Amino acid sequence: MGTLYPLFRYLFPSKKAGAVKAVSVTIPLGEVAIGESRFFKFKGKPAILIRLNQQKVVALSAVCTHLGCIVKYSESEKILKCPCHGAKFDITGKVLAGPAPKPLPTFASRIEGDKAIVGDA
Ligand code: FES
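Every number in my numbering is 2 more than the matching position in the sequence shown, counting from 1.
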């Protein structure tokens with residue numbers, strides 16, 4: 003019987019094995035006025051949600067790709083700035099200036115009713 007188990011697992015793999023769990027975060031829009039931002043945790047790391055208008059939000063990692071400081075959103079300039087060494091990013095995560103070697107990762111985001119949903123689900 004013991005020798006049949008690997009064959010059984012091969013023919014009928016567990017749904018848990020290798021399955022990627024969808025992760026999403028819900029943020030009430032009442033907490034983010036249009037043109038403003040809000041920090042949250044996504045997959046255990048600092049992230050930032052920016053509300054662009056009534057129907058659109060963007061979500062990015064808030065961890066600077068240079069040395070890991072937390073970037074902040076400048077509402078007046080509409081860019082993200084790192085306070086440590088001056089890196090600047092646009093709202094798509096693209097590096098605009100400074101020593102950051104890579105863009106900020108972005109996350110799927112959308113508005114549903116009175117909530118912003120970030121993530122896969
Ligand atoms: S850690 Fe952000 S520019 Fe250096």
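We put the CB at the ideal spot given by N, CA and C, even for glycine. Nothing here was measured: the structure is a model prediction, and the numbers come from that model.
Got a sec: does the ligand FES put a non-hydrogen atom nearer than 8 Å to the Cβ of residue i?
| i | result |
| --- | --- |
| Ala-102 | yes |
| Val-60 | no |
| Ala-49 | no |
| Gly-37 | no |
| Val-120 | no |
| Leu-106 | no |
Hey, residue i and residue j are a contact pair by Cβ (cut 8 Å); roughly how many whole angstroms apart?
| i | j | result |
| --- | --- | --- |
| Asp-116 | Leu-51 | The Cβ separation is near 14 Å, so there is no contact. |
| Gln-56 | Ile-36 | 7 Å |
Have a look at residue i and residue j and give me their C-alpha separation to the nearest angstrom.
| i | j | result |
| --- | --- | --- |
| Ala-99 | His-87 | 10 Å |
| Glu-38 | Ala-64 | 15 Å |
| Leu-9 | Asp-122 | Because Leu-9 carries a pLDDT of 48, less than 50, the predicted location of this residue cannot be relied on, and no value is offered for it. |
| Lys-74 | Lys-83 | 5 Å |
| Lys-47 | Arg-53 | 20 Å |
| Ile-113 | Ile-81 | 21 Å |
| Arg-40 | Ala-49 | 8 Å |
| Val-59 | Lys-23 | 23 Å |
| Pro-105 | Cys-71 | 14 Å |
| Lys-90 | Val-120 | 23 Å |
| Val-27 | Glu-77 | 23 Å |
If we call anything under 9 Å between Cβ atoms a contact, is residue i one with residue j?
| i | j | result |
| --- | --- | --- |
| Gly-95 | Leu-62 | yes |
| Ala-118 | Val-34 | yes |
| Ala-102 | Thr-67 | yes |
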